[in-house]
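Participant:
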Amino acid sequence: MVLIYSTPIEKWECAYKECGAKCCTGGREVTAGDIRRIARATGLKPEKFVHLEDEKGLFRLKNGDRCVFLNDDYSCRLHKRGVKPIFCRMYPFKFEGVIYADEIVLKVKVTDNCPGIGRGHKIGEDLEATIEELGNKFVNEIKDFLRLKGEGLSNESIIGRD
Ligand code: SF4
Ligand code: SF4
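Laid out in structure tokens, this is it:
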């Protein structure tokens, strides 16, 4: 389930060059599935780009104040490979937390001070449906991870699974 906390936005287009890719900070939250997809598409070993310790299925990309995949022109190295992490595909909504209850709930909120809000394409039900779909994918990947951990698998073997 996905909870979206925000006032409705009518238009949005990512203006990453203008804000210096403000959303692309180090420590982006990723799932084991994100890590697997990135590792396969780039040939990088997971330990090169992500901390391999998880917090209830949530991992974090490496680096200090900027993402390890951010280019100098603020573009994303993963974009053309089609393997941006689930949360990066949810912009302008950002991660707000996970509630671990009988049902796992993901909380997202429109990012603060985003110069892309009010510009570009009209946002309709399509974006909301996409956010919902991506959020549910995230929740399902967390659930799968927790199930496999419960069966005694290590983080490395879960990430390396087909
Ligand atoms: S979503 Fe907004 S704040 Fe984030 S990179 Fe795009 S324009 Fe910048
Ligand atoms: S993976 Fe790409 S879009 Fe996501 S935070 Fe890093 S540079 Fe930004």
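The numbering of the sequence shown is my numbering, which starts it at 1 and goes up by one. Quick reminder that beta carbons are idealized off the backbone N, C-alpha and C, glycines included. Just so you know, these numbers come straight off a predicted model, no measurement behind them.
#1: At which residues does the beta strand (DSSP E) containing residue 80 begin and terminate?
#2: Tell me the DSSP secondary structure of residue 76 in three-state form.
#3: Give a yes or no on whether the C-beta atoms belonging to residue 124 and residue 14 are separated by under 8 Å.
#4: May I have a chain-ordered list of the alpha helix (DSSP H) segments no shorter than 4 residues that lie completely inside the segment 70-157?
#5: Please list the terminal residues of the continuous alpha helix (DSSP H) segment that includes residue 38.
#6: Along the chain, where does the beta strand (DSSP E) containing residue 53 start, and where does it finish?
#7: Using 8 Å as the threshold, is the C-beta distance between residue 66 and residue 19 below it?
#8: Closer than 6 Å is what we want: which residues have a beta carbon that near any heavy atom of ligand 1? List them in chain order.
#9: Identify the residues that DSSP records as bridge partners of residue 161: which are they?
#10: Can you tell me where the beta strand (DSSP E) with residue 2 in it begins and where it stops?
Facilitator: In terms of the structure at hand:
#1: As a first step, residue 80 must be located in the sequence shown, where it is residue number 80. Segment: none, residue 80 is in no beta strand (DSSP E) and carries neither H nor E.
#2: Residue numbering aside, residue 76 sits at position 76 when the sequence shown is read from its first letter. Correct three-state label for residue 76: strand.
#3: Reading the sequence shown from its first residue, position 124 is the one you call residue 124. Reading the sequence shown from its first residue, position 14 is the one you call residue 14. For residue 124 and residue 14, no; Cβs fall outside 8 Å.
#4: Complete alpha helix (DSSP H) runs here, min 4: 125-150.
#5: The residue given as residue 38 occupies position 38 in the sequence shown. Counting along the chain, residue 38 sits inside the alpha helix (DSSP H) bounded by residues 32-42.
#6: To locate residue 53, count along the sequence shown from 1; it is residue 53. Here the beta strand (DSSP E) through residue 53 covers 50-55.
#7: Position 66 of the sequence shown, counted from the start, is the residue given in the question as residue 66. Position 19 of the sequence shown, counted from the start, is the residue given in the question as residue 19. Not closer than 8 Å, so no.
#8: Spelled out in chain order, the answer is 14, 15, 16, 19, 21, 22, 23, 91, 92, 111, 114, 115, 116.
#9: What you label residue 161 is simply residue 161 of the sequence shown in a count that begins at 1. The beta-bridge partner set that DSSP reports for residue 161 is empty.
#10: As a working mapping, residue 2 is identified with position 2 in the sequence shown. First-last of the beta strand (DSSP E) with residue 2: 2-5.
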